[in-house]
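Count along the sequence shown from 1, then add 155; that gives the number in the numbering used here.
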Amino acid sequence: MRFFFTFAYQMQAVIIGFHIYHLTKDPLALGFVGLCEAIPAISIALYGGYVADKSEKRGLLLKIFSGVFLCSLVMLIVTTKQMHVYVPTSSIIPIMYLMVFGIGIARGFFSPATFSLMAQIIPKKLYPNSSTWNSSSWQAASILGPAVGGLIYGFYGITATYVVIVTFILIALICIFFLKPHEPTFIPKQSIVTSLTEGVKFVFKSK
C-alpha cells in the first residue's frame, strides 16, 4: 500500500513541476507549487496527528487516499488535449495549484495515520523486521517514482504519465479495503488545543 502510494506521490511531485514549467516558462511558478503543498501539509501536521489518534485508521486512510485520487484525477483530466481546447492555460494553472493544495492537506494526515496503523497491525516481535522492509520500500519508491515518471513523460507525454500516477494511487486505495478496521487504542480526552499544547511542551522539554 505505502509503496504504491509513495511511488505515485514521488512521480507526481516531479511531473507537476515539469508540467507547470511547460505551461508558464516561469521558474517562480515552480516555487508556488512547493508552497501550495508545503503550507497545508505543515500547518495541519499537528492536527493530523490528533485526528489520527482519535480516528479508526482504515477509514481515515480511505478518506486520505480518496482525496488524493480525486485531486490526481482532476489533474489528469486538465492535461488532456480536449481540455486545452475548451479551457485556457490561464485557468488550468490555478486548477493545478488548487489540486496540489488539496494533496498537501491529505499529506498532513497521511504520515500520522500510516504509522499509527502499522503499530496496530504488526506484532511487536516483528517491529525490527517491518521497519527494515518499510524503510526499504519507501526508499525504493522514492527513487523509482521520479525516474519512471520522467521516462514516461519523455516518451509518452504528460497525460500518459498521469494515467500511471492515478493507476498506482487506485491500487493503493484498493489495498486499504483488504485491511481490517482498527479502532483507536487511545483517544485523547483533552481538547485539541490542550492536547497540542502539551505535545509542544513535551517536545521542548525533551530536547
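No residue lacks a Cβ here, since even glycine has one placed at the ideal position from N, Cα and C.
Since the model is a prediction, treat every value here as computed from it, not as a measurement.
Exposed unless 16 or more other CB atoms sit within 10 angstroms - verdict on residue i
i, result
"Ala268", "buried"
"Val223", "buried"
"Tyr308", "buried"
"Phe310", "exposed"
"Leu417", "This structure cannot speak to residue 417, because the chain is shown only from 156 to 362."
"Gly300", "buried"
"Phe162", "buried"
"Ser245", "exposed"
"Val427", "Only positions 156 to 362 of the chain appear in the structure, and residue 427 is not among them; the question remains open."
"Phe270", "exposed"
"Ile313", "buried"
"Ala106", "In the structure as shown, the chain starts at 156 and stops at 362, and residue 106 therefore has no counterpart that could be examined."
"Tyr282", "exposed"
"Ala302", "exposed"
Inter-residue Cα distance where the pair is residue i and residue j
i, j, result
"Val233", "His239", "7 Å"
"Gly101", "Lys280", "With the chain represented from 156 up to 362, any question about residue 101 goes unanswered, as that position is not in the structure."
"Ala200", "Gly263", "5 Å"
"Ser290", "Arg157", "10 Å"
"Leu334", "Gly214", "10 Å"
"Pro336", "Ile219", "15 Å"
"Ser292", "Lys209", "28 Å"
"Leu253", "Cys191", "8 Å"
"Thr287", "Pro182", "38 Å"
"Ser356", "Leu272", "Residue identity check: residue 356 is Lys in the sequence provided, not Ser. Spanning the two alpha carbons is a distance of roughly 25 Å."
"Leu231", "Tyr205", "32 Å"
"Lys180", "Lys236", "19 Å"
"Gly186", "Thr352", "32 Å"
"Thr349", "Gln294", "36 Å"
Residues near residue i by beta carbon distance below 6 Å, same chain, minus five either side
i, result
"Ile250", "Val233"
"Leu216", "Ala268, Ile331"
"Phe159", "Phe323, Ile326, Ala327"
"Ser285", "Ile277"
Cβ-based neighbour list, residue i, same chain, cut-off 7 Å, excluding 5 preceding and 5 following
i, result
"Ala184", "Ile175, Tyr176"
"Gly203", "Gly263, Phe264, Pro267"
"Glu338", "Glu211"
Same chain only: Cβ atoms within 8 Å of residue i, ignoring 5 sequence neighbours per side
i, result
"Ile197", "Gly263"
"Gly304", "Gln165, Met166, Gln167, Val169, Ile170, Thr316, Val319, Ile320"
"Ser221", "Leu328"
"Ala207", "Leu215, Phe264, Pro267, Ala268, Ser271"
Cβ distance (whole Å) where residue i is taken to contact residue j below 8 Å
i, j, result
"Ala296", "Gln165", "6 Å"
"Ile258", "Cys226", "5 Å"
"Leu178", "Ile248", "6 Å"
"Val229", "Val188", "With a Cβ gap of about 15 Å, Val229 and Val188 do not count as contacting."
**Report entry** Contained alpha helix (DSSP H) runs [length at least 4] in the stretch 174-225, N- to C-terminal order
**Finding:** Within the stretch 174-225, the complete alpha helix (DSSP H) runs of at least 4 residues are 182-198, 200-209.
**Report entry** Any alpha helix (DSSP H) of 4 or more consecutive residues that is wholly inside the stretch 225-294
**Finding:** Runs found: 236-241, 244-276.
Query raised in the report: Which parts of the stretch 292-327 are runs of the beta strand (DSSP E), unbroken and 3 residues or longer, counting only runs that do not cross its ends?
Result: The stretch 292-327 contains no whole beta strand (DSSP E) run of 3 or more residues.
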